[in-house]
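J.:
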Amino acid sequence: MNLRLLLVFASLLSFTGCGPGQAYEGASRFPLSGKVTFDGKPVDGGSISFIPTTESNRVSGAPISQGTYTVPEEKGANAGEYRVEIRWPQPTGKKYKDPDTLEMLSEFKESVPKKYNEQSELKAEVSDANRTFDFDLKK
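Here you go:
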């Protein structure tokens with residue numbers, strides 16, 4: 007009888023700590039979505055990043071496919087102001103040799119002006135009421 011009780015206790019003990027992880031308890035995150043065009047054409051294969059202007063918020067982003075992007079809530083942005091960076095590298099048609107693998111790789115060049123990525127002038131104010139951001143980029 008004691009052996010049975012010991013086995014039941016041991017099996018119950020093995021489940022201790024199992025289950026879902028601790029719930030997120032930080033500031034609310036909001037899903038983001040929108041459209042991105044460059045000279046009126048949908049951006050396809052690019053990426054969008056929402057970079058907080060304060061250190062208290064987190065960076066969010068997503069790939070851009072056929073002119074649209076979606077950031078799910080679990081990866082979403084906190085409420086606040088963000089600087090937005092959009093990147094869309096395009097192949098140049100040139101190849102270069104990777105120094106580590108000696109493999110020939112395609113060269114890519116950023117196709118949108120720096121004012122939309124590393125020197126971005128784009129802004130977004132994220133809130134519960136403001137989660138959709140469309141960007142029409144120009145040369």
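Numbering-wise, the numbering used here comes out as the position in the sequence shown, counting from 1, plus 6.
No residue lacks a Cβ here, since even glycine has one placed at the ideal position from N, Cα and C.
Between the stretch 61 to 74 and the stretch 41 to 53, do three or more beta carbon pairs fall short of 8 Å?
T.: yes
J.: Spell out a yes or no on whether the stretch 87 to 96 and the stretch 104 to 112 are touching, meaning 3 or more CB-CB pairs, one atom from each, closer than 8 Å.
T.: no
J.: According to the Cβ coordinates, are K41 and T74 closer than 9 Å?
T.: Here residue 41 is taken as the residue at index 35 of the sequence shown, counted from 1. Here residue 74 is taken as the residue at index 68 of the sequence shown, counted from 1. Yes.
J.: Taking the beta carbon of S133 as the centre, do at least 16 other beta carbons fall within 10 Å, making it buried, or is it exposed?
T.: Here the question's residue 133 lines up with position 127 in the sequence shown. Under this definition S133 is an exposed residue.
J.: For the beta strand (DSSP E) that contains F56, what are its first and last residues?
T.: The sequence position of residue 56 within the sequence shown is 50, counting from 1. Counting along the chain, the beta strand (DSSP E) containing F56 begins and ends at 52 to 58.
J.: Would you call L38 buried or exposed, if buried means 16 or more other Cβ atoms sit within 10 Å of its Cβ?
T.: Your numbering for residue 38 matches position 32 in the sequence shown. It is buried - the Cβ of L38 has at least 16 other Cβ atoms within 10 Å.
J.: DSSP three-state label for E131, please.
T.: On the sequence shown, residue 131 is found 125 positions in, with the first residue counted as 1. The answer is strand: DSSP assigns E131 an E or B state.
J.: State yes or no: is the C-beta of Y102 within less than 9 Å of the C-beta of I57?
T.: Counting from 1 along the sequence shown, the entry for residue 102 is found at position 96. Counting from 1 along the sequence shown, the entry for residue 57 is found at position 51. Not a contact, by the Cβ cut-off of 9 Å.
J.: Here's the rule I'm using: 16 or more other beta-carbon atoms within 10 Å means buried, otherwise exposed. How should G99 be labelled?
T.: Here residue 99 corresponds to residue number 93 of the sequence shown, with the count starting at 1. So G99 ends up on the exposed side.
J.: Give me the DSSP bridge partner(s) of V77.
T.: Numbered from 1 along the sequence shown, position 71 holds the residue referred to as residue 77. Beta-bridge pairing links V77 to L38.
J.: In terms of residues, what are the limits of the beta strand (DSSP E) holding L149?
T.: The requested residue 149 is not part of the displayed model; the chain covers only 7 to 145.
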